[in-house]
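Just so you know, we're using my numbering here: the sequence shown kicks off at 4 and counts up by one.
Glycine included, every Cβ here is placed at the ideal spot set by N, Cα and C.
Source: prediction; values computed, not measured.
Only one structure is covered here, and it is reproduced in the block below.
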Amino acid sequence: MSGFSPDWLTLRAPYDAAARDKALLERLRDWRVRMGEIGILDLGCGTGASLRALAPLLGGRQCWIMADHDPALLKAIPDHTARWAAAAGHVMAGNTVTGKGFSAKFAPQHADLSARMDALPLDGVRLLTASALIDLVSADWLARLVDFCRLHSLACYAALSYDGRLDWTPVDRLDTEMHTLFDRHQRGTKSFGPALGPDAAPAATAAFRAAGFTVETGRSDWQLEAEDRDMQEALLAGYVQATLEIAPDRAGEIEHWRQRRRFAIGAGTSRHRVGHTDLLALPPT
4 MSGFSPDWLT LRAPYDAAAR DKALLERLRD WRVRMGEIGI LDLGCGTGAS
54 LRALAPLLGG RQCWIMADHD PALLKAIPDH TARWAAAAGH VMAGNTVTGK
104 GFSAKFAPQH ADLSARMDAL PLDGVRLLTA SALIDLVSAD WLARLVDFCR
154 LHSLACYAAL SYDGRLDWTP VDRLDTEMHT LFDRHQRGTK SFGPALGPDA
204 APAATAAFRA AGFTVETGRS DWQLEAEDRD MQEALLAGYV QATLEIAPDR
254 AGEIEHWRQR RRFAIGAGTS RHRVGHTDLL ALPPT
């Protein structure tokens, strides 16, 4: 599951990397040092952002199963990873990246995550990762994910889930209404059924705790400054498309709001924050 274009994933990648909660990453590294080689199952992997963010942090020998339903994104993983490795001074040979203190082998895996997860290879897997995924899934699918992690004693690191916090500077009189319409869209039916949207992180926290996991969360907000014009424009386009789908009868108001927001972006006065939550759930020992 991804449903996103490679261009969008490339645009958002540096903001994701900067936003991940540092304390939670330290906690994940502390948990990982107690074991040797580790297998990681990355759900909705896209072009491999989780591998690139986590492989140097986790250290040691790693084997990544990169699961997504989009063949184009899976095909792009080696090229994206090779560019990252070269820029970071790592060495890539085949589907293995080696850097200071780590060696990460990755295997792209085509999978329909909206169906079954138990068909995925799990040999040696101790950690399940997902970025910008659980806000797209239904409550039923989340329950299956938690049960899957419980059954196989998997830790879960789910990062960058949209949590309903949106702030613009300068403020526009229609921001709150557009925000409400956008959140309605985020809770609409997607590939996994009725999406949790901004309710995902609290729902996942409660579900993992009820299953006996130790759960910690942290904020991973995108903080967009005036110079981040391309990202602000891309987000604004997404908000407009979503709000039009929910309220097509308000197309005129939505267009006027878009024009005012675009004027601020072009004038270099616009700043925008998008709230996200990271979650780390560790299984009972």
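Anticipated Cβ contact below 8 Å, proline 9 with leucine 76, distance rounded: The count along the sequence shown starts at 1 and reaches residue 9 at position 6. The count along the sequence shown starts at 1 and reaches residue 76 at position 73. That pair is a contact at about 6 Å.
N- and C-terminal bounds of the alpha helix (DSSP H) containing glycine 42: One-based indexing of the sequence shown puts residue 42 at position 39. Glycine 42 -> not in any alpha helix (DSSP H); beta strand (DSSP E) instead, spanning 41 to 46.
For arginine 119 and isoleucine 68, the rounded distance between their alpha carbons: Within the sequence shown, the letter at position 65 stands for residue 68. Within the sequence shown, the letter at position 116 stands for residue 119. Going by the C-alpha atoms only, they are around 16 Å apart.
Coarse secondary structure for phenylalanine 109, derived from DSSP in three states: As a working mapping, residue 109 is identified with position 106 in the sequence shown. Reduced to three states, the DSSP call for phenylalanine 109 is strand.
Buried versus exposed call for methionine 234 [16 or more other C-beta atoms within 10 Å across all chains shown]: What you label residue 234 is simply residue 231 of the sequence shown in a count that begins at 1. It counts as buried.
Cβ-Cβ distance between aspartate 166 and histidine 275 below 9 Å: Here residue 166 refers to the residue found at position 163 of the sequence shown. Here residue 275 refers to the residue found at position 272 of the sequence shown. Going by C-beta atoms, aspartate 166 is not nearer than 9 Å to histidine 275.
Cα-Cα separation, leucine 60 to glycine 241: Within the sequence shown, the letter at position 57 stands for residue 60. Within the sequence shown, the letter at position 238 stands for residue 241. Computed Cα separation, rounded: 32 Å.
Rounded straight-line distance, which links the Cα of glycine 221 to that of valine 36: Walking along the sequence shown from the start, residue 36 turns up at place 33. Walking along the sequence shown from the start, residue 221 turns up at place 218. The alpha-carbon atoms of valine 36 and glycine 221 are separated by roughly 21 Å.
Candidates Ala21, Gly39 and Trp34, of which the one nearest aspartate 224 by Cα: On the sequence shown, residue 224 is found 221 positions in, with the first residue counted as 1. The residue with the shortest Cα to Cα distance from aspartate 224 is Ala21.
Residue environment, serine 156, which counts as buried when at least 16 other CB atoms sit within 10 Å: Position 153 of the sequence shown, counted from the first residue, corresponds to residue 156. Exposed, since its Cβ has fewer than 16 Cβ neighbours within 10 Å.
Cβ contact check for the region 90 to 101 and the region 236 to 254: 3 or more pairs under 8 Å: no
Boundaries (first-last residue) of the alpha helix (DSSP H) holding aspartate 281: By one-based count along the sequence shown, residue 281 stands at place 278. Aspartate 281 -> not in any alpha helix (DSSP H); beta strand (DSSP E) instead, spanning 274 to 285.
Cα-Cα separation between proline 81 and glycine 200, rounded to whole angstroms: Here residue 81 refers to the residue found at position 78 when the sequence shown is read from its first residue. Here residue 200 refers to the residue found at position 197 when the sequence shown is read from its first residue. When rounded, the distance between both Cα atoms is 30 Å.
Residue environment, leucine 174, which counts as buried when at least 16 other CB atoms sit within 10 Å: Position 171 of the sequence shown holds residue 174. For the sequence presented, residue 174 should be read as valine rather than leucine. Under this definition valine 174 is an exposed residue.
Start and end residues, alpha helix (DSSP H) containing aspartate 33: Here the question's residue 33 lines up with position 30 in the sequence shown. Residues 25 to 35.
Pair within 9 Å by beta-carbon distance, leucine 14 and threonine 50: Walking along the sequence shown from the start, residue 14 turns up at place 11. Walking along the sequence shown from the start, residue 50 turns up at place 47. Judged by beta-carbon spacing, threonine 50 lies beyond the 9 Å limit of leucine 14, meaning their Cβ atoms are not closer than that value.
Reduced DSSP secondary structure (H/G/I, E/B, other) of glutamate 219: Along the sequence shown, one-based indexing puts residue 219 at 216. Glutamate 219: strand per DSSP, three-state reduction.
Element boundaries [alpha helix (DSSP H), containing leucine 131]: Position 128 of the sequence shown, counted from the first residue, corresponds to residue 131. Careful: leucine 131 lies outside any alpha helix (DSSP H), inside the beta strand (DSSP E) at 128 to 134.
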